[in-house]
Amino acid sequence: MLKRKSHSNQLALELSPGDDLESYVEARVAARAEADALRWRFRLVVIESVMIASLVLAAGVVLDQPIGLVLRGAGVVGAGCFVTGLILIGLTGAAGRLLARFRRPR
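Here our numbering runs 459 ahead of the position in the sequence shown, where the first position is 1.
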């Protein structure tokens, strides 16, 4: 077999025959999936906040309310939805870590 020289900035992946390659790959895939899930949750919170603020804005305009009052109400509702979404993401992550900690064998 030809052995290529690695780039000087590249980290070497050294796996001996005793290492379990499958568990290593599964751990990397799980970490990436968890990061992707967090990104998608954040996107959903942002989309949800914008949609709810838009609905409040549309309802205020349709009901002929003063535009300043409608804009302030839409902003407060959108910001509240965004903050509660972030809190929910944080609590979900904390609960997941806590459950994973209790599931580990001691």
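Every residue gets a Cβ at the ideal spot worked out from N, C-alpha and C, and that includes glycine.
Chain B contact for residue i (CB, 8 Å cutoff)
{"i": "Leu470", "result": "No chain B appears in this structure, which consists of one protein chain only."}
N- and C-terminal bounds of the alpha helix (DSSP H) containing residue i
{"i": "Asp523", "result": "Neither: Asp523 is in no alpha helix (DSSP H) and is coded neither H nor E."}
Under 8 Å between C-beta atoms of residue i and residue j
{"i": "Gly537", "j": "Val509", "result": "yes"}
{"i": "Phe561", "j": "Val504", "result": "no"}
{"i": "Arg502", "j": "Ile548", "result": "no"}
{"i": "Gly534", "j": "Ala559", "result": "no"}
Close beta carbons around residue i, own chain, < 8 Å, minus the five adjacent residues each side
{"i": "Leu514", "result": "none"}
{"i": "His466", "result": "none"}
Local Cβ density within 10 Å of residue i, reported as buried at 16 or more and exposed below that
{"i": "Val488", "result": "exposed"}
{"i": "Val484", "result": "exposed"}
Neighbourhood of residue i by C-beta, 7 Å cutoff - its chain only, sequence neighbours within 5 removed
{"i": "Thr551", "result": "none"}
{"i": "Gly532", "result": "Val515 and Gly519"}
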